[in-house]
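Enquirer: Numbering (the working numbering), first residue to last: 269 to 388.
Where is the CB? At the ideal position from N, CA and C, for every residue including glycine.
No experiment lies behind these values; they were computed from the predicted model shown.
One structure, as structure tokens, below. Some questions next.
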Amino acid sequence: MATADKRERLRRRHIRIRKRLSGTPGRPRLCVHRTNRHMIASLVDDISGRTLLCVTTTANAFGAVEKETKTAAAARLGEIVAKKAIEMGVRSVVFDRGGHPYHGRVRALAEKARESGLVF
């Protein structure tokens, strides 16, 4: 399957998922974006159109750990997102996997965020 076809299928899955999900100020959307090397997790209030929080594996605050796998980095990102969200007063979120399957790095981020106190 060509790369363009994979990207198109991912985009269509994301649109299908986003039809059913919406974030509010009390329960924002935890949006996950995955690249080959990094991950981005954002808390979005769709009603006001604002991003409340954005954490990436490229940020200086994230810090680099030597010989860390991408899955371990995603899990650590989930823990950081949960901690910052709870500091902001957000305990409940709507999980938006961004069209990616709930597997691997996406699953690691989600499970660690749940363990750290976020409710999906």
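Tell me, please, whether the region 336-356 touches the region 275-284 by the rule of three or more beta-carbon pairs shorter than 8 Å.
Expert: no
Enquirer: Cutting at 7 Å between CB atoms, please list the residues of its own chain near G291, excluding the five before and the five after it.
Expert: R297, V312, D313, D314, V362
Enquirer: Where does A309 sit, in a helix, a strand or coil, going by DSSP?
Expert: strand
Enquirer: Out of E383, I348, H371, which has the shortest C-alpha to C-alpha gap to S239?
Expert: As shown, the chain starts at 269 and ends at 388. That puts residue 239 outside it, with no answer to give.
Enquirer: What do you get for R318, buried or exposed, if any count of 16 or more other CB atoms within 10 angstroms of its CB means buried?
Expert: exposed
Enquirer: Thinking C-alpha only, which one of G372, G367, G357 is nearest G385?
Expert: G357
Enquirer: To the nearest angstrom, how far is the alpha carbon of K338 from that of R373?
Expert: Cα to Cα, K338 sits roughly 7 Å from R373.
Enquirer: State the start and end residues of the unbroken beta strand (DSSP E) segment that holds V323.
Expert: 318-324
Enquirer: Are A378 and A340 close, meaning C-beta to C-beta below 9 Å?
Expert: In this structure, A340 does not lie closer than 9 Å to A378 by Cβ.
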